[in-house]
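Note sheet for the following structure.
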Amino acid sequence: MYNRLTVLRTERGMSRQELADAVGVHYQTIGYLERGEYSPSATLALRLAAVFGLPMEAVFSLTPFRTLSEQVYGTPQPR
1 MYNRLTVLRT ERGMSRQELA DAVGVHYQTI GYLERGEYSP SATLALRLAA
51 VFGLPMEAVF SLTPFRTLSE QVYGTPQPR
């Protein structure tokens, strides 16, 4: 499962501990989620999305999210 947790958390200036406290899990769980080592339950995914005020599908996906370049320019940009 793919997610945008790291981006969303850092954009809001939150630590892993702060996010973990907000959803009632251990801070290491947030790290596992961010690295894709653990997939959240539906309940946890909904709680995480709610913290960011976003729908669950904006935070989690079964396919990779498009990069910012793809979203802005429509195609991947060369590296």
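Residue 11 in UniProt numbering sits at position 11 of the sequence shown, and the numbers go up by one each step.
We put the beta carbon where it would ideally sit given N, CA and C, even for glycine.
Nearest neighbour of residue i, chosen from the options [CA to CA]
{"i": "L19", "options": "V51, E11, R35 and G36", "result": "V51"}
Any C-beta of chain B under 7 Å from that of residue i
{"i": "G24", "result": "Going by chain labels, chain B is absent from the structure shown, which holds only one protein chain."}
Where the alpha helix (DSSP H) through residue i begins and ends
{"i": "R34", "result": "Strictly speaking, residue 34 in this sequence is Glu, with Arg absent from that position. From DSSP, the alpha helix (DSSP H) with E34 extends over Y27 to E34."}
{"i": "residue 81", "result": "Given that the chain is displayed from residue 1 to residue 79, the structure contains no residue 81 and the question cannot be resolved."}
Span separating the alpha-carbon of residue i from that of residue j
{"i": "G36", "j": "R9", "result": "15 Å"}
{"i": "G31", "j": "L46", "result": "17 Å"}
{"i": "P64", "j": "Q71", "result": "13 Å"}
{"i": "L68", "j": "T75", "result": "10 Å"}
In DSSP terms, what residue i is bridged to
{"i": "Y2", "result": "S61"}
Rounded distance between the beta-carbons of residue j and residue i, thought under 8 Å
{"i": "N3", "j": "L44", "result": "Rounded, the Cβ-Cβ distance is 11 Å, inconsistent with contact."}
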